[in-house]
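Chains S and B supply the protein sequences, listed in that same order.
All the letters of the first sequence, read from the start, carry residue numbers 298 to 1106 under my numbering.
All the letters of the second sequence, read from the start, carry residue numbers 2 to 279 under my numbering.
Working notes for the structure below.
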Amino acid sequence: MDELSVVDRRHFLRMAAMATATSMAQARAGTAASNQGGVPADRNGISWNKAPCRFCGTGCHVQVGVRDGRVVAIAGDRAADVNRGLLCVKGYHVGMILYGRDRLTEPLLRRGDKLVSISWDEAIDTLARRVHADPAKFAFYGSGQWTIPEGYAAQKLMKAGLGNNHIDANARLCMASAVTGYLSCYGVDEPAGCYDDLDHCDVCIFWGNNAAEMHPVLFSRLIDRRARGQRIELIDIATRRTRTTEHCQHYLEMRPHTDTVIANGIAHLLLRNNTHDRRFVENHCAFKADTNPISLHGRSITLEEYRKMLEPYTPEHVERVSGVPADKIRMLADLFGQRDRRITSLWCMGMNQHTQGTAVNRLVHSVHLLSGHFGRPGDAPTSLTGQPSACGTVREVGTLCHLLPGGRMVANAAHREECERLWNVPPGRIRGAIGHHTVQMWEKFCTPTDKGGDITTMFVQVTNPGQSLPDLERLFREKRNLADKFLAVSDVYPTATTELADLVLPASLWVEKNGIFGNSERRTQQWFRMIQPPGQARDDCWMTIALARRLFDLGHMGMRDRDGRFLFSFLDDQRREVPVWDWKRYYDVNVDKQLYEDYRRFTRLEHKDLAPYDVLAASRGLRWPVVESDGAWRETKFRFVENEDPYVGRGKGIQFYHSSTRNDRAQIWFCAYEPPPEAPNEEYPFWLCTGRVLEHWHTGTMTRRVEVLRRAMPRAYVEMHPDDARRLAIQNGEIVEIATRRGRLRLPAWTDGRGRPPRGSLFVPFFDETKLINLLTLNAVDPLSKEPDYKKCAAAVRKINGERDGQRP
Amino acid sequence: MCSSRAKNQWGAGWSASMIRPVARLGVLKRPGVLSARGMWVLVTVVLTISATGYFVGLRESRKTSADARLLPGLSVKKEEDTDGSTLPAAKYSELSRIKLGPNRDWSVPLDKLVQPESAPPPKAPPDAVQRDNARTSRNERRAFEGAPPLIPHPTLQQGVASCLACHEKGMVVGKKIAAKMSHPAYLNCTQCHVEAGPESLTDFAMSKSGSDRAFDSAPPALPHPVWMRENCLSCHGPKGLAGLRTTHPERTSCLQCHAPVAPQDAPPWVASVSKEKP
């Protein structure tokens, strides 16, 4: 091998020119694998292009290295604001998710016990006929990993086409409580701050989330400030010690479910010590309390009533209920009482997957509003999202059973009328009754039709409910016994959901298609297709449009707009219609761009203006509202703040222009503590908490097929306190049986793991499809958000015959 | 001196037989009174006896303590034994913490371990075999060129102090190299580096062999982007793999001669400049 081979300048330039020419040709062909912000082919023949990472809600940008039609390398994108060239271990290996050995490559139909391969035409036809036979009993279950055009296409098909509101997404299981929290307090969804707050805060409080593992790039953004000599105080309020705790100055261990009490305790002290921000509260806030029955906007109360309601929440009471020492509560209240220190609160599933999720979200916002820690860089209550586009697709496009695009509500006649006009469909097309939310939808699907199970056909895209729903036996597996139910699943790999599917459709993944995601800080970011999908895999968006077209052919009137034309129409540069439902023609135009521009019109109502597609394509994402000023498109870093948010009136300072009380005020809430629906007792003496780990993303269907990640964390385990293990004579690594009232599971015990639960508490991650912990979890939902509580139920541990786990857990 | 008072005290006690022979010596001027010579003799005797007594006394006390050991019943207040041959007994409450055994005095922090003498820098660039070995051992730990290396040894699940103990400054222990971090100190180590076994990974996108030289003796261009590898010496310095070591570690301004040609290192205005007509 010639080690000193000379690569001369001519050769290098030739390679670079070839790459540019290829990309230009592709751009003309509409596949548009353009080098927007990318680099020409390097010495290894790899050409690089930008894309947002496929995984979590942080929304890091990566540079994807492609060679010979394959993704071969990944690098952090240094031009991206979010991550500035850094990634986490999942992000570094995200390119490898495309190449698992058992990638789905052809449509499959279940005949008898087996799945046999069929043609796409037959697959779409089968599904369309099912839907056409009984459109009102059809439900569409989507995902926070849907791209914005995919979600929008499904939304339009269901709400504007079929007049059917049974469309919901898996973000119901993770972000719904954050949504109701934001709506209750600010009248509009999504964080007002952004990741810039992390660079300016003096104190960051983690409310029940393990950011070191779950949002690692954001977490290291905080702790690396220390390496630059800055002082930052980190506080971990949690039910168990995690890797996050190691880096925090304060660890407040609370009993499960008692975060509401802690927040109320802080508010109580702020009022008692008179350290709340009187001016901020007088100028910008109003008070609310719950009604009976509970409702999203409650009832207005006065400051005095609020003070009275908080009276019982003395530090001593808080200590009794939550287990956090009273002086730590006082410490928190003192912190919030200091105006000159900037405090950011971050939370995720600990607060959202909670039967009092809406309440605790409201209370944490209220603590920030009451103490005036809002509206300056570093002062922000921010809910982080878990999925790459839970914000961009589910929350903003409104792919939930009660929403319309742009924050509009199905139940609001004026909103329906406006959407009918924008979609150009006949008045009355959109149904006014709210559809089934996720848990309800699956309950109905798993109930016999003659016993009220009014969903008979389900289309699942880009998600794995067979592993992620709570109480799996009842909400999913029951389908086995119901012959007349039809489950169609679009996915990239066989999953726990495809196990019971009647129709399996192979889908394109990530950079095999164009896409747009929206991350936790309101940043909408776009990417172009870079490689071809394998076998016969096709885009999810195409599947939805093809289904709509087949229904149109079968004569369903809903597929026509007011002028009798097909609901999904795409024009080329000469304004001629392109039949994109024919896969060969799908990439003749940029379907993503046209759907996105169609959807953009809806975003003005709640001032969530999105930038034009081409502006997004040239950037590393932009934070809405993006408005044009002086010919340039300007993003918004901090909402509701004058000079940052273009919609705040001059001289207003801070203006909550979507206030639910219509007076530009945010709402400070009082919510009482309510005990959890299931707590440990004699028979089931442990708390069982479920969650995630760094190496695997959600149900692990992608990450467990990446060798590095699978070897780093091969399977699930149960974390247990060493004293409990000793008491039960369980050794580290021994297989034990965990049981709840709903099921039982065998797992290796880990007593010195990366998470250290307190005595009487267990933790199990849910990424392992061979260990379905959701067979054991509780199906109890928050009354307003309908989000289930995966974090608390009662469990028992049993030592079995002394089996030892030969491998390290 | 033999004052009259003393003489009176003892005079009666002394037998006459003592005085007569002493008087014959000439130390007494007359019975009971010392002459000058006598005085000198007396002083010499007293001093001699004192000195002798002092030195004998010193010997005596050592002898006494040895006796005490042989006679355990003897309650003698013993001083600290400083020759190290016996261990002081520890309090029971501290017994579990006290280090006993042959390496009880070992409290050397890891970074003060005596490092092996690193071989002097190679006189010529490494040969093909060495480079291949270096590349193989690097590739074993990386999913692709540019991926964060996997951790080939068990680690503590929590905390980063144990990572920094070896990787903050780099360390060589026998044949094992713990490379100094090639990137700035990011403190959430396990965010990017995870433990995985030593089996080799499927080849994903590894770098080509060699590096670009414009002509035979030209300094090779940097074959990889500089990002995350800002500290050149962590891989190419004295604690690097044999196949990667530079012949000139004393020159620390590496980018002065070795050009970063990876497209990722191009300044942001390169693309727009190259489009301009000259």
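Yeah, the Cβ is synthetic: ideal placement off N, Cα and C, and Gly gets one too.
Can you give me the Cβ contacts of residue i inside the same chain, cut-off strictly under 6 Å, excluding the 5 residues immediately before and after it?
i               : result
residue 161(B)  : 188 and 190
residue 1107(S) : Missing from the structure shown is residue 1107(S); chain S here goes from 298 to 1106 and no further.
residue 970(S)  : 557 and 558
Between the alpha carbons of residue i and residue j, how many angstroms are there, rounded?
i               : j               : result
residue 1013(S) : residue 481(S)  : 37 Å
residue 986(S)  : residue 1060(S) : 5 Å
residue 52(B)   : residue 42(B)   : 15 Å
residue 394(S)  : residue 159(B)  : 27 Å
residue 713(S)  : residue 924(S)  : 26 Å
residue 75(B)   : residue 98(B)   : With a pLDDT of only 42 at residue 75(B), under the threshold of 50, the placement of this residue in the model should not be trusted, and no figure is reported.
residue 157(B)  : residue 1051(S) : 8 Å
residue 1047(S) : residue 1092(S) : 16 Å
residue 778(S)  : residue 723(S)  : 40 Å
residue 574(S)  : residue 678(S)  : 16 Å
residue 357(S)  : residue 879(S)  : 34 Å
residue 716(S)  : residue 749(S)  : 31 Å
residue 1082(S) : residue 974(S)  : 16 Å
residue 422(S)  : residue 691(S)  : 27 Å
residue 6(B)    : residue 34(B)   : Interpretation of residue 6(B) is limited by its pLDDT of 49, a score under 50 that renders its predicted location unreliable; no figure is taken from the coordinates.
residue 542(S)  : residue 799(S)  : 45 Å
residue 839(S)  : residue 845(S)  : 10 Å
residue 443(S)  : residue 392(S)  : 18 Å
List the residues of chain S whose Cβ lies closer than 9 Å to the Cβ of residue i, in chain order.
i              : result
residue 195(B) : 386, 991, 992, 1005, 1006, 1008, 1009 and 1010
To which residues of the same chain is residue i closer than 8 Å at the C-beta, ignoring the five residues directly before and after it?
i               : result
residue 620(S)  : 550, 551, 552 and 555
residue 1020(S) : 1056
residue 1097(S) : 1032, 1033, 1034 and 1043
residue 420(S)  : 404, 406, 800 and 802
For residue i versus residue j, is the C-beta distance shorter than 8 Å?
i               : j               : result
residue 1077(S) : residue 666(S)  : no
residue 587(S)  : residue 968(S)  : yes
residue 476(S)  : residue 828(S)  : no
residue 511(S)  : residue 1038(S) : no
residue 813(S)  : residue 889(S)  : yes
residue 790(S)  : residue 397(S)  : yes
residue 348(S)  : residue 759(S)  : no
Starting from the C-beta of residue i, find all residues in its chain whose C-beta is less than 7 Å away, skip the five residues before and the five after it, and write them out in chain order.
i              : result
residue 766(S) : 739, 772, 773 and 1071
residue 903(S) : 485, 703, 704 and 955
residue 235(B) : 171, 180, 181, 182 and 183
residue 656(S) : 557 and 968
residue 593(S) : 477, 480, 481 and 1081
residue 751(S) : 434 and 741
residue 607(S) : 561, 564, 565, 568 and 967
residue 847(S) : 421, 422 and 425
Along chain B, which residues have their Cβ under 9 Å away from the Cβ of residue i?
i              : result
residue 509(S) : 189, 191 and 192
residue 513(S) : 189, 191, 192 and 193
residue 914(S) : Ordered by position in chain B, no residue passes the 9 Å Cβ test against residue 914(S), which lies about 16 Å from the chain.
Closer than 7 Å by beta-carbon distance: list the chain S residues that pair up with residue i, in chain order.
i              : result
residue 159(B) : 540, 543 and 1051
In chain B, what lies closer than 7 Å to residue i by C-beta?
i              : result
residue 520(S) : 188 and 189
residue 375(S) : 228
Chain B partners of residue i, CB-CB under 8 Å?
i              : result
residue 517(S) : 187, 188, 189 and 192
residue 382(S) : 228 and 229
residue 389(S) : 144, 148, 149 and 193
residue 413(S) : Here the premise fails: no neighbours, minimum Cβ distance about 31 Å.
residue 372(S) : 147, 226, 228 and 265
- Report the residues of the segment 162-176 of chain B with a CB closer than 7 Å to any CB of chain S, ordered along the chain. Listed by position, the residues of the segment 162-176 of chain B near chain S (Cβ gap below 7 Å) amount to none.
> Got a sec: which bits of the segment 135-151 of chain B sit with their beta carbon under 7 Å from any beta carbon on chain S, in order along the chain?
Replying inline: If the cut-off is 7 Å between Cβ atoms, the segment 135-151 of chain B has 144, 145, 146, 147, 148, 149 and 151 near chain S.
| Any residues in the segment 666-690 of chain S with a beta carbon nearer than 8 Å to a beta carbon of chain B? Which ones, in chain order? | The segment 666-690 of chain S vs chain B, Cβ under 8 Å: nothing.
**Asked** Name the residues in the segment 217-241 of chain B whose C-beta lies less than 8 Å from a C-beta of chain S; which are they?
**Response** Result list: 217, 224, 226, 228 and 229.
### Task
Please list the residues of the segment 552-572 of chain S that have a C-beta atom closer than 9 Å to any C-beta atom in chain B, keeping them in chain order.
Of all residues in the segment 552-572 of chain S, none is placed with a Cβ closer than 9 Å to any Cβ belonging to chain B.
Short of 7 Å Cβ to Cβ, which residues in the segment 1013-1043 of chain S face chain B?
Against chain B - using a Cβ distance shorter than 7 Å - the segment 1013-1043 of chain S contributes no residues.
Taking a cut of 9 Å between CB atoms, which residues from the segment 965-998 of chain S lie near chain B? Contact residues of the segment 965-998 of chain S toward chain B are 991 and 992 (C-beta to C-beta distance below 9 Å).
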